[in-house]
Each structure stands twice: as C-alpha cells, then as structure tokens.
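What follows is a single structure, written as structure tokens, with notes after it.
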Amino acid sequence: MSDDQPDTPPTDGGSQRDGEAFAGTAGGAARPDEECVAHYARDDSQPNENTLSGKIRVFLAFIGSVTRHRVWFLLIMLGTIWGVLHESVRPNTWRRTVRYEFRTTLGEVAGGGLVATLVTGTLTGLGGVSQAIYWLGFAGMSKMTGSLLVTVIVREIAPILVGVLMLGRSGMLALTELGMLTTGGQVKSMQAEGVDPFLLLVLPRTLAFTVSGFTLGILFSVASLATGYVVSRASGAISNSIWSFFYDVVTAMTPADYILIPLKFIVVGFLVGLGCCVSGLTASSEDTVSTMLPRGFSRGMLIVMAVSVLFSLKL
C-alpha cells in the first residue's frame, strides 16, 4: 500500500461494526458515538434477569441489601467500640479540649443523674427489697435473702434501671446535641478545619458515660438495699443490724459477681453513651429532633436489654 493512499478499515470480522462506530468522526478521531458507547458499555457476560441465574442474582442482591440495612448500625458500633478503646489509651488523644468535654459530660451524667438514681433506688427498695425480705421470712427462707437480693436487685434490675435513667436523661441530650451539629453542617466544618469529631465529641462522652454507669450503678444498689432494710426493720420483718444485713449480702456474692456486676455497669454505660453519640453523628440532613429521638431511644433500649441478656446467659 502506498503512502498517499488512505487507510482502509480491516476486512476481518467486526469491521462493519467498527466502521459504523467511528463513522461521523472527523479525520478518524477516536471519539465513538452514543451507539458505540452503549455497545461497549454493555457487558454481555452478565446473565439476563429473566433467566434462572439472573433471578438468583436478583434474589441474593435483595437479601444482601436488606441484611446490610438491618446490621449497618451494629457494624458501625463495632468499629467505634474499637476506635474508642484504641484511642483512649493514647496520651496524645487527651488534649485540653477532649479533657474539657470529658469533665463537662461527666458532671452532667453523674452529677445530674445522682438525684434521679437515688430516688429510683429508694423506690426499688420500698417495692422490691422490702417485699423480698418479708416474703422470704414468712416462708422460712430468710437464709436465702442475701443470694436473692444479689441475683435479682444488684445483678439484674440495677443495670437495667441505671441504663434507662442514663439513656432518658443524658443520652437523649447527647444525641440531640450531636444530631443538630451533624444536620447543621458543623461536623463537616470541624473536619474541614482539621478537627476530628470522633476524638472531640464521641470519645470523651462515651468514657464519661462509662464512669457514670459504674458510679450510679453502685449508688443505686446501696440505696435500694439500705431502703429495703430500713422498711423491713421498721415492719419487724428483720431484726439484725444493718451491718449484718450488708454482710449477708456481700458474703452471698460469688467471686465471679465481684467482676461481672461492676463490669455490667461499665458496659451498659459505655454502650449507651456510644450508641447515642453514633446515632447523632449518623443523622441525615432530612432528620429532625422528632425523628432522631424515637430512633435513638429504641436503639438505646435494645442496647440495655441486650447487655443484660448476654451477661445473664454468660452467668
């Protein structure tokens, strides 16, 4: 072929299709038209939805999307749990702003929830502890008083009620605060300025809830047992001193109880605080307070009940 002759398209298979693809381009330019794009973008290896394999793919895709939609919050929680534990032991994490957020949240959760916790513990002692002491003494099973109070009041009821109190009083406040920062764009502004919202907002609040969960849980247990003793002593259902009463309760605890009961208070506080913070930071731009609060409260209740059940099964 001479140099002055124009190039001709190949004559092998597919030459007519390639020629049509590049027809209308100036000077043989490599810019295909819309039909060529549609042709080359189509993947003939993918099965048709009308075939059996296509229907299987559609069904599996539907199952996967539903599963991801249901467990995405759990996966985020698992990731942030590791993030909080990992970052909390690094000295560089505890800067002045993080320490300030921790102290502020600790005062709001532990200090602000102290009265509510003591009142709830007192009511539990009036309605639960005193009745248990009375009926056990009436049935001639007063020796089981300590073990029953440890199992029912301290191990099961106290973590649930303390978790609900922290969730309703302080958890919803943290969720609303972080949710408004997220929907208002302040969180993105922090990221643009080089501030990590996780270290500044999530980590100190979660650890403050953790410390508050242990503190309020112990105070709740002591208040309920002391109130139950006072009522039972006044009604004549019990005659020993308060020190003997608490000694019976303490000796009824097994070695595992000394680890699992405080750990249960700690885990409840940790997960309640973390769940509220994550719910606030994952709010969408369409969310409002009326949509965030019910969703966050239901998630918090599920967290409290799941922790209680898992620790009970462990025991």
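So that you can map any letter, position 128 of the sequence shown is 128 in full-length UniProt numbering, and since no number is skipped, the others follow by simple counting.
By construction, the Cβ of each residue, glycine as well, lies at the ideal position given by its N, Cα and C atoms.
Keep in mind the model is a prediction, meaning the values are calculated, not measured.
Test item: CB-CB of L165 and G217 under 7 Å:
no
Going along the chain, which residues of its own chain have a beta-carbon closer than 8 Å to the beta-carbon of M144, five neighbours each way excluded?
L136
Below 7 Å between beta carbons: does that hold for S285 and L175?
no
Am I right that F270 and F209 are in contact with their C-beta atoms under 8 Å? What's the rounded C-beta distance?
6 Å
Ignore the nearest five residues each way along the sequence and tell me which others in Q191's own chain have a CB closer than 8 Å to its CB.
P197.
Do the region 146-154 and the region 242-255 meet, that is, are 3 or more Cβ pairs less than 8 Å apart?
yes
Nearest-angstrom Cα distance between T93 and R68?
32 Å
Straight-line gap, D33 to G54 (C-alpha atoms, nearest Å):
Low confidence applies to D33: its pLDDT is 45, below 50, so where it sits in the model is not reliable, and the reading given next is rough at best. For D33 and G54, the distance between alpha carbons rounds to 30 Å.
Our contact map puts V84 next to V202 with C-beta atoms below 8 Å; I'd like the distance itself, whole angstroms only.
7 Å
How far does the alpha helix (DSSP H) with S279 in it reach, from first residue to last?
D257 to L281
Looking at the secondary structure, which residues open and close the alpha helix (DSSP H) in which R68 lies?
L52 to S88
Simplified DSSP assignment, three categories, for D248:
helix
Terminal residues of the continuous alpha helix (DSSP H) containing V115?
L114 to T124
I need the straight-line Cα distance from R299 to A139, nearest angstrom please.
41 Å
Beta-carbon contacts of V239 that lie in its chain and below 8 Å, excluding the five residues immediately before and after:
Rather than Val, the amino acid found at residue 239 in this sequence is Ser. Sequence-distant Cβ neighbours of S239 in its own chain, meaning closer than 8 Å and more than five residues away, are R233.
Could you name the residues of the same chain whose beta carbon sits closer than 6 Å to that of G179, not counting the 5 residues immediately before and after it, in chain order?
G280, A283 and M292
Residues in its own chain within less than 7 Å of A23 by CB, not counting five upstream and five downstream?
Here A23 scores only 38 on pLDDT, less than 50, and its place in the model is too uncertain to base an answer on.
Measure the C-alpha to C-alpha separation of T183 and L173 and round it to an integer number of angstroms.
Taking the straight line from one Cα to the other gives about 15 Å.
Considering only the beta carbon of each residue, do V272 and L106 sit closer than 7 Å?
no
Sorted by chain position, which residues of the same chain lie with C-beta nearer than 8 Å to L302's C-beta, five sequence neighbours on each side aside?
none
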